[in-house]
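Heads up: the structure comes next, in structure tokens.
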Amino acid sequence: MLAYSAPTYTVQENGPVATITIDRFGGLVGTLTVTNQTVVGGTAVAGTDYVSVSNVFTFADGQVSTNFTIQILDTAGANIDRTVFLSLSAAAGVLGSQPNAVLTILDNDSIPNFSVAGYTVVEAPRMNARANRGIGKSDPLDSRRIGAAALPLQD
Numbered sequence: 005m006l007a008y009s010a011p012t013y014t015v016q017e018n019g020p021v022a023t024i025t026i027d028r029f030g031g032l033v034g035t036l037t038v039t040n041q042t043v044v045g046g047t048a049v050a051g052t053d054y055v056s057v058s059n060v061f062t063f064a065d066g067q068v069s070t071n072f073t074i075q076i077l078d079t080a081g082a083n084i085d086r087t088v089f090l091s092l093s094a095a096a097g098v099l100g101s102q103p104n105a106v107l108t109i110l111d112n113d114s115i116p117n118f119s120v121a122g123y124t125v126v127e128a129p130r131m132n133a134r135a136n137r138g139i140g141k142s143d144p145l146d147s148r149r150i151g152a153a154a155l156p157l158q159d
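Structure representation (structure tokens):
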């Protein structure tokens, strides 16, 4: 019987490849053939996040496992972790209890994380409104414009 060695695999987005193992168990006599492929349904996009694969493996008499790789494509910018679904197919009675697996591509780009506590805002010193008319916070017209522009941004 043939199956993935684990139900889940992980790889960093800058991979450059994920290595997946197919195991043979329940007898090593004779040859067994299995097809492995990435399948539609995960959150990762073939051609953008990874290179899709479809492989046919023939296990020789006595062979206990084989490995294959999936090329991971490092996308620019922060993303979420993405998933790739993997599937084995073979003749009846050849597949074990783990014919499907999930590869998770862990994002390697950090997303800025801000917290409310710990930030200080210092106002600019008060300016002479007559000498600097039209500039800065002392101009009532500018402060109304700034307030009108900023207030709609708050929920």
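Using the numbering used here, read the sequence shown as starting at 5 and increasing by one per residue. Ideal placement from N, C-alpha and C gives every residue a C-beta, glycine not left out. Quantities reported herein were computed from a predicted structural model and do not represent experimental measurements.
Who are the Cβ neighbours of residue i in its own chain at under 7 Å, not counting the five residues just before and after it?
i    : result
N83  : D111, D113
Q158 : With a pLDDT of 49 at Q158, under the threshold of 50, the modelled position of this residue cannot be trusted; read the value that follows with caution. Hits under 7 Å: none found.
Quick one: measure Cβ to Cβ for residue i and residue j, integer angstroms, because I've assumed they're closer than 8 Å.
i    : j    : result
T39  : T108 : Going by Cβ atoms, the distance from T39 to T108 rounds to 23 Å, so no, they are not a contact pair.
V106 : T12  : 5 Å
A94  : L6   : 6 Å
Below 8 Å CB to CB, which residues in the same chain sit around residue i once its five sequence neighbours on both sides are set aside?
i   : result
F72 : T23, I24, I26, N40, V57, N59, F61
S69 : S9, T25, I26, D27, R28
On the DSSP bridge list, what partners appear for residue i?
i   : result
N59 : N40
T70 : I26
Using CA atoms only, rank isn't needed, just tell me which of the options is closest to residue i.
i    : options            : result
N104 : A80, V21, G45, G34 : G45
Give every residue of the same chain whose Cβ lies closer than 6 Å to the Cβ of residue i, excluding the five residues on either side of it in the sequence, and list them in chain order.
i   : result
V55 : Q75
T79 : none
Touch check for the segment 45-54 and the segment 80-94: three-plus C-beta pairs under 8 Å? yes
Query raised in the report: Within the chosen definition, does the segment 62-72 reach the segment 93-107 through at least 3 CB pairs nearer than 8 Å?
Result: no
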